[in-house]
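Each protein sequence line maps, in turn, to chains A and B.
Each number in my numbering corresponds to the 1-based position in the first sequence with 15 added.
Each number in my numbering corresponds to the 1-based position in the second sequence with 15 added.
Backbone N, C-alpha and C fix where the C-beta goes; we use that ideal spot for every residue, glycine too.
All values reported here derive from a predicted model rather than from experimental measurement.
Protein chains: 2
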Amino acid sequence: MNARPTIYDVAQRAGVSKSLVSLVLRNAPHVAEAKREAVKKAIQELGYRPSQAASALASQSTRSVGLLIDDFRNPWFVELLAGARSVLDPAGYTLTVADLRLEEASGRNPVDGFLAQHVDALVVAAEAPPEMVRDVRVPLVIAGTRSLTPLLGNSLEDGGPADVVAGDDDAGGQLAARHLLERGHRRIAHLSGQGAPAEHRRQGFVRAMAAAGAEPLVYGLDGGTDEADGFRAMRQALEAGERAAGAPPTAVFAANDVMALGAMAALRDAGLRVPEDVSVLGYDDSPLAAYGYIRLSTVDGHSRRLGAEAAQMALDRMAAPAAPARRLLLEPVVVERSSVRVTDA
Amino acid sequence: MNARPTIYDVAQRAGVSKSLVSLVLRNAPHVAEAKREAVKKAIQELGYRPSQAASALASQSTRSVGLLIDDFRNPWFVELLAGARSVLDPAGYTLTVADLRLEEASGRNPVDGFLAQHVDALVVAAEAPPEMVRDVRVPLVIAGTRSLTPLLGNSLEDGGPADVVAGDDDAGGQLAARHLLERGHRRIAHLSGQGAPAEHRRQGFVRAMAAAGAEPLVYGLDGGTDEADGFRAMRQALEAGERAAGAPPTAVFAANDVMALGAMAALRDAGLRVPEDVSVLGYDDSPLAAYGYIRLSTVDGHSRRLGAEAAQMALDRMAAPAAPARRLLLEPVVVERSSVRVTDA
DNA sequence: GGTAACATTTGGAGCGCTCCAAACGAGAGT
DNA sequence: ACTCTCGTTTGGAGCGCTCCAAATGTTACC
Chain A
16 MNARPTIYDV
26 AQRAGVSKSL
36 VSLVLRNAPH
46 VAEAKREAVK
56 KAIQELGYRP
66 SQAASALASQ
76 STRSVGLLID
86 DFRNPWFVEL
96 LAGARSVLDP
106 AGYTLTVADL
116 RLEEASGRNP
126 VDGFLAQHVD
136 ALVVAAEAPP
146 EMVRDVRVPL
156 VIAGTRSLTP
166 LLGNSLEDGG
176 PADVVAGDDD
186 AGGQLAARHL
196 LERGHRRIAH
206 LSGQGAPAEH
216 RRQGFVRAMA
226 AAGAEPLVYG
236 LDGGTDEADG
246 FRAMRQALEA
256 GERAAGAPPT
266 AVFAANDVMA
276 LGAMAALRDA
286 GLRVPEDVSV
296 LGYDDSPLAA
306 YGYIRLSTVD
316 GHSRRLGAEA
326 AQMALDRMAA
336 PAAPARRLLL
346 EPVVVERSSV
356 RVTDA
Chain B
16 MNARPTIYDV
26 AQRAGVSKSL
36 VSLVLRNAPH
46 VAEAKREAVK
56 KAIQELGYRP
66 SQAASALASQ
76 STRSVGLLID
86 DFRNPWFVEL
96 LAGARSVLDP
106 AGYTLTVADL
116 RLEEASGRNP
126 VDGFLAQHVD
136 ALVVAAEAPP
146 EMVRDVRVPL
156 VIAGTRSLTP
166 LLGNSLEDGG
176 PADVVAGDDD
186 AGGQLAARHL
196 LERGHRRIAH
206 LSGQGAPAEH
216 RRQGFVRAMA
226 AAGAEPLVYG
236 LDGGTDEADG
246 FRAMRQALEA
256 GERAAGAPPT
266 AVFAANDVMA
276 LGAMAALRDA
286 GLRVPEDVSV
296 LGYDDSPLAA
306 YGYIRLSTVD
316 GHSRRLGAEA
326 AQMALDRMAA
336 PAAPARRLLL
346 EPVVVERSSV
356 RVTDA
């Protein structure tokens, strides 16, 4: 009585066979309108809800894709997720999300979790250790940064091919440097941190600075990439500036928006105004950057489009498992808000 | 060959029966160490991953609980989630999260989704329409605000009992008013919005103001509760102040942290400093409030504890489905940072 | 009136696992 | 030597659904 009704219960109530109920559920064609209605009515009355477990088991498909993100605390993922849903929803696919940081903290392997759940495809938008995504036996798309591309080598060899869509972090780093350079800045500090995306952004930055004959000042290499790390790296930059020339940098490029926010805190604590005294440029164009109170100029890696493309790739690969692997590199652009000013110094 | 291996494959390779493999998987006692090892080895070699669908179907349990949150964009949920995991993980339960806003936008019912997935319990931490959680037939706990309590009536009648753990929003509103009053403020604007939590906070605020003989100035009633709404409501408050006495409020209490951030933007645009010219108090103690660049004083509804208690209630109810429904009201406190100052005006 | 052609509906055989009752072995006790 | 235990292992019967081949209508056409 408290037991969950099954298609048999529905079938009995509607006076049809279980198979017909199944057809109605998947709204198949060639079902008489009257019976369809009768079944729907019975479903209503019984409060029947299909068992995804049974359906997955029988059909070997869940019409769902898993999305692995880095960390729920960094709102970077919000747009990615929205982009992915915008293509998955119309296709009738469901998205399940997991947070790598949280999963690892509890000693679980999120990829195993997804596979146990029978996701039909996997989108990895986090720096997962290569062995985690190896041997996945399900369409895999790497979404995020160019830095994840090396994973490909492995995946291609011992499993299906993996598609990749990434923001070109190296180009983004160069872009950031040039953006600041073009606005008259020369003493530009870069706040970096560990992890592949940060590394690529840094490399691009360093290269572009060198090309312009400016000295790249890099801080925070030993730390992470969250707000506190940004704060700390900014303090280092400030202290280095005092020690050396007595002049702080006139601009700061942070490896992501959250770090930029940390930097802004450190600057304010030091009595420096943004952008009057020092300009700040972030990366990601996360929701944070767009807040009116923050108005952070930032490098936009097109996270929404990234999500959409990744989802599309997953869909395409499910349709054609043997198609050649695709790679798409998205060209970043800078979004100007109010944290960078032109200087004549 | 590309097919996913099953316990039969593992059993064959390890030279045991499928039942033994199943026992090893659930690491049951009374399994000889040698066989256990053999099975584990076979699992390794084959890259076997259990099928959650099959297991759910056979055991009628997934050892997972669903968590419905409001909106991924409001980082309020981050701590809630961490709190919930802190109790679910040790108990061997898995958490799956869905975002009400996103699901509704794509015309889906997230609760149906959870039930189709066979979650063993459901934690609702969003203002879901009552009919959505009716007739759920699975332990249900309402986590969030006192305002969700009315749902209970329904759930109790036509389904299992629902447990509730909530922050006392009404008390929080009063607390906010008193906090500001005690610090010498009299012209206090409240930025509210639609939705039950905001309503309760507002009611508490209005009551406490009245009790102190101060006039409650409420704005933004016609809007929502995100950053832009906070900005708009703050502008209204400022304009009203000019029109009336020529004096802006000396303090602002926003219905949540994101709105407070919007208010801070409006204040800065108006050339007013926080807290020197006007104090700002938020609500939720979200990660936003803690950023060094923001340092927002805020009412802490104990979201982490909320998550933990909710998870515990879910666990308890699964263990004792017939136990009387529990309700827990968490008393909010204010977290002082740097956005409120004492005034003598 | 009979039958081909099509639209609709149905039972049965799994999908990969869990759980149960029963089988099996190996010491222990008599 | 024989029975009892107790620890360990096993086959079988489902869980609720999908998918297929086959059955059953229905309509149309000769």
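Same chain only: Cβ atoms within 6 Å of residue i, ignoring 5 sequence neighbours per side
{"i": "residue 353(B)", "result": "310"}
{"i": "residue 253(A)", "result": "263, 285"}
{"i": "residue 168(B)", "result": "Reliability of the predicted coordinates at residue 168(B) is poor, the pLDDT of 43 falling under 50, and no value is obtained from them."}
{"i": "residue 102(B)", "result": "323, 326, 327"}
{"i": "residue 246(B)", "result": "277, 280, 281"}
{"i": "residue 208(A)", "result": "235, 238, 239, 240, 244, 270"}
Exposed unless 16 or more other CB atoms sit within 10 angstroms - verdict on residue i
{"i": "residue 292(B)", "result": "exposed"}
{"i": "residue 357(B)", "result": "exposed"}
{"i": "residue 300(A)", "result": "buried"}
{"i": "residue 74(A)", "result": "exposed"}
{"i": "residue 131(B)", "result": "buried"}
{"i": "residue 306(A)", "result": "buried"}
{"i": "residue 258(B)", "result": "exposed"}
{"i": "residue 144(A)", "result": "exposed"}
{"i": "residue 122(B)", "result": "exposed"}
{"i": "residue 228(B)", "result": "exposed"}
{"i": "residue 135(B)", "result": "buried"}
Distance, residue j Cα to residue i Cα
{"i": "residue 63(B)", "j": "residue 179(B)", "result": "40 Å"}
{"i": "residue 188(A)", "j": "residue 212(A)", "result": "10 Å"}
{"i": "residue 154(B)", "j": "residue 325(B)", "result": "11 Å"}
{"i": "residue 283(B)", "j": "residue 89(B)", "result": "22 Å"}
{"i": "residue 152(A)", "j": "residue 120(A)", "result": "25 Å"}
{"i": "residue 128(B)", "j": "residue 234(A)", "result": "46 Å"}
{"i": "residue 173(B)", "j": "residue 149(B)", "result": "Note that residue 173(B) has pLDDT 41, beneath the 50 cutoff, so the model's placement of it is unreliable and the number below is only indicative. Cα to Cα, residue 173(B) sits roughly 7 Å from residue 149(B)."}
{"i": "residue 230(B)", "j": "residue 248(A)", "result": "46 Å"}
{"i": "residue 295(B)", "j": "residue 242(B)", "result": "14 Å"}
{"i": "residue 321(A)", "j": "residue 346(B)", "result": "42 Å"}
{"i": "residue 250(A)", "j": "residue 93(A)", "result": "29 Å"}
{"i": "residue 113(B)", "j": "residue 223(A)", "result": "42 Å"}
{"i": "residue 85(B)", "j": "residue 118(B)", "result": "10 Å"}
{"i": "residue 288(A)", "j": "residue 106(A)", "result": "49 Å"}
{"i": "residue 216(A)", "j": "residue 308(B)", "result": "24 Å"}
{"i": "residue 22(B)", "j": "residue 56(B)", "result": "13 Å"}
{"i": "residue 330(A)", "j": "residue 183(A)", "result": "23 Å"}
{"i": "residue 342(B)", "j": "residue 158(B)", "result": "10 Å"}
{"i": "residue 190(A)", "j": "residue 268(A)", "result": "11 Å"}
{"i": "residue 185(B)", "j": "residue 210(B)", "result": "13 Å"}
{"i": "residue 265(B)", "j": "residue 140(B)", "result": "33 Å"}
{"i": "residue 91(A)", "j": "residue 335(B)", "result": "41 Å"}
Other residues of its chain near residue i: CB distance less than 8 Å, five sequence neighbours each side excluded
{"i": "residue 60(B)", "result": "28"}
{"i": "residue 46(A)", "result": "35, 38, 39"}
{"i": "residue 71(A)", "result": "77, 133"}
{"i": "residue 50(A)", "result": "29, 31, 35, 39"}
{"i": "residue 315(A)", "result": "299, 300, 347, 348, 349, 350"}
Same chain only: Cβ atoms within 7 Å of residue i, ignoring 5 sequence neighbours per side
{"i": "residue 108(A)", "result": "78, 79, 80"}
{"i": "residue 65(A)", "result": "40"}
{"i": "residue 100(A)", "result": "110"}
key: chain B contacts from the segment 295 to 319 of chain A (Cβ-Cβ distance under 9 Å)   = 302, 303, 305, 306, 307, 308, 309, 310
Which complete beta strand (DSSP E) runs does the segment 206 to 245 of chain B hold, if anything under 3 residues is left out?
232 to 234
* Asked: Of all the residues that make up the segment 125 to 142 of chain B, which are near chain A by a beta-carbon distance shorter than 8 Å?
  -> 127, 128, 130, 131, 132, 133
Margin query: Against chain A, which members of the segment 219 to 243 of chain B pass a CB distance test of less than 7 Å?
Written below: 242
Legend entry - Members of the segment 244 to 258 of chain A near chain B, C-beta cut-off 7 Å: 246
Exercise for the section: Anything in the segment 57 to 71 of chain B with a Cβ closer than 9 Å to a Cβ of chain A? List those residues in chain order, please. Expected result: 62, 64, 65, 66, 67, 68, 69, 70, 71
**Q.** Ordered list of alpha helix (DSSP H) runs contained in the segment 90 to 121 of chain A, each at least 4 residues
**A.** 92 to 103, 115 to 120
Practice task
Run through the segment 310 to 351 of chain B for me and flag every whole alpha helix (DSSP H) of 4 or more residues, listed as ranges in chain order.
Solution key: 318 to 334
- Query: In the segment 77 to 93 of chain B, which residues sit with their C-beta less than 7 Å from some C-beta in chain A, listed in chain order?
  - Reply: 87, 88, 90, 93
Pull out every residue of the segment 257 to 285 of chain B whose Cβ sits closer than 8 Å to any Cβ of chain A, in chain order.
-> 276, 277, 279, 280, 281, 283, 284
Item to complete: Pull out every residue of the segment 346 to 360 of chain B whose Cβ sits closer than 9 Å to any Cβ of chain A, in chain order.
Response: none
_My parser needs the alpha helix (DSSP H) runs of 4 or more residues fully inside the segment 32 to 84 of chain B; what are they?_
33 to 40, 48 to 61, 67 to 74
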